[in-house]
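Quick note: the sequence shown, position 83, residue 411 per our numbering, numbers continuous.
Glycine is no exception: its CB is placed at the ideal position from the N, C-alpha and C atoms.
Below is one structure, written out as structure tokens; the observations come after it.
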Amino acid sequence: MDSDTWRRRLASLWQSSIPLATAMQVEIRRLDPQRLQLAAPPGPNRNHMGSAFGGSLQGLATLAGWGVTLVATGDAERYRVVVRDAHMRFDAPVFSELVAEARMPAPAALTAFRDALARRGRARLTVNVEIRGADDAPAARFAGEFVALEVSGG
329 MDSDTWRRRL ASLWQSSIPL ATAMQVEIRR LDPQRLQLAA PPGPNRNHMG
379 SAFGGSLQGL ATLAGWGVTL VATGDAERYR VVVRDAHMRF DAPVFSELVA
429 EARMPAPAAL TAFRDALARR GRARLTVNVE IRGADDAPAA RFAGEFVALE
479 VSGG
């Protein structure tokens with residue numbers, strides 16, 4: 329699938345299967361061979377202090393990591409992705425639009441991931457996501473381990 333097809337596929341999956349993504353008003357800002365960038369407006373994602381709610385930041389980062397992992401499988405129909413482990417560090421408040429950027433796996437990591445999928449029907453991928461604040465400094469950092477599983481009969 330090309331980037332535009334993947335954008336439509338991810339947006340459709342989130343809209344139909346992940347109500348939180350709709351409530352957060354998540355949009356795919358950029359998807360290319362290097363990165364997946366998601367954005368969400370501050371309004372529905374704020375806390376009592378007027379900054380971004382930590383759960384929204386973690387949710388956005390999780391969606392970015394999940395999306396990168398599904399794209400890395402190369403086949404959204406054949407594989408399902410689940411988060412296995414996740415860690416989030418909050419360094420500074422975010423008062424503006426929430427923007428999460430996840431890097432696509434390096435070529436060697438992508439090859440190893442896809443080889444494991446082909447051999448075992450499941451594979452793990454660690455994805456790092458960064459959310460920047462108003463001064464463009466890192467405001468939150470996420471590291472998640474995602475597992476891709478072949479759908480039965482796939």
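Endpoints, alpha helix (DSSP H) assigned at Met352:
Against the sequence shown, residue 352 aligns to sequence position 24. Where Met352 is concerned, the enclosing alpha helix (DSSP H) starts and stops at 347-352.
Report the CB separation of Val410 from Gly472 in whole angstroms; it is logged as a contact under 8 Å.
Here residue 410 refers to the residue found at position 82 when the sequence shown is read from its first residue. Here residue 472 refers to the residue found at position 144 when the sequence shown is read from its first residue. With 8 Å as the limit, Val410 and Gly472 do not qualify as a contact, their Cβ atoms being about 11 Å apart.
Name the one or two DSSP bridge partners that Val455 has.
As a position in the sequence shown, residue 455 is number 127, starting the count at 1. Beta-bridge analysis with DSSP links Val455 to Gly472.
Could you say which of Arg431, Ala446, Ile459, Arg406 lies nearest to Ser480 if we only look at CA atoms?
By 1-based counting over the sequence shown, the position of residue 480 is 152. The shortest Cα separation from Ser480 among Arg431, Ala446, Ile459, Arg406 belongs to Arg406.
Could you tell me the alpha carbon to alpha carbon distance between Pro421 and Arg447, rounded to whole angstroms?
Mapped onto the sequence shown, residue 421 falls at position 93. Mapped onto the sequence shown, residue 447 falls at position 119. Rounded to whole angstroms, Pro421 and Arg447 show a C-alpha spacing of 43 Å.
Pull up the distance between the alpha-carbon of Phe441 and that of Asp330, whole angstroms please.
Sequence index remark: in the sequence shown, residue 441 carries index 113 (1-based). Sequence index remark: in the sequence shown, residue 330 carries index 2 (1-based). Straight-line Cα distance between these residues: approximately 19 Å.
How would you label Ser384, buried or exposed, when you count the other beta carbons within 10 angstroms and need 16 or more for buried?
Indexing the sequence shown from 1 puts residue 384 at position 56. The residue in question, Ser384, is buried, as its Cβ has 16 or more Cβ neighbours within 10 Å.
Is Phe441 helix, strand or coil by DSSP?
Taking the first residue of the sequence shown as position 1, residue 441 is located at position 113. Correct three-state label for Phe441: helix.
Excluding the 5 residues flanking Ala468 on each side, which residues of the same chain have their C-beta closer than 6 Å to its C-beta?
Locating residue 468 in the sequence shown gives position 140, counting from the first residue. Excluding residues within five positions, the ones whose Cβ falls inside 6 Å are Leu385, Phe418, Ile459.
Would you check if the distance between the CB atom of Met416 and the CB atom of Phe470 is smaller than 7 Å?
By 1-based counting over the sequence shown, the position of residue 416 is 88. By 1-based counting over the sequence shown, the position of residue 470 is 142. Their beta carbons are under 7 Å apart, which means Met416 touches Phe470 by this criterion.
Can you tell me the Cα-Cα spacing of Ser424 and Arg358, whole angstroms?
In the sequence shown, counting from the first residue as 1, residue 424 sits at position 96. In the sequence shown, counting from the first residue as 1, residue 358 sits at position 30. The straight-line gap from Cα to Cα measures roughly 18 Å.
Excluding the 5 residues flanking Ala437 on each side, which residues of the same chain have their C-beta closer than 8 Å to its C-beta?
Residue mapping note: residue 437 aligns to position 109 of the sequence shown, counting from 1. Cβ within range, chain order: Leu453.
Over what stretch of residues does the alpha helix (DSSP H) that includes Ala392 continue unbroken?
Locating residue 392 in the sequence shown gives position 64, where the first residue counts as 1. Unbroken alpha helix (DSSP H) run through Ala392: 382-401.
What are the boundary residues of the beta strand (DSSP E) that includes Gln365?
Mapped onto the sequence shown, residue 365 falls at position 37. Membership of Gln365 in the beta strand (DSSP E) is indicated by the continuous run 363-368.
Pull the bridge partners of Arg374 from the DSSP assignment, please.
For the purposes of this step, residue 374 is taken as the residue at position 46 of the sequence shown. Residue pairing from DSSP places Arg374 in a beta bridge opposite Ala380.
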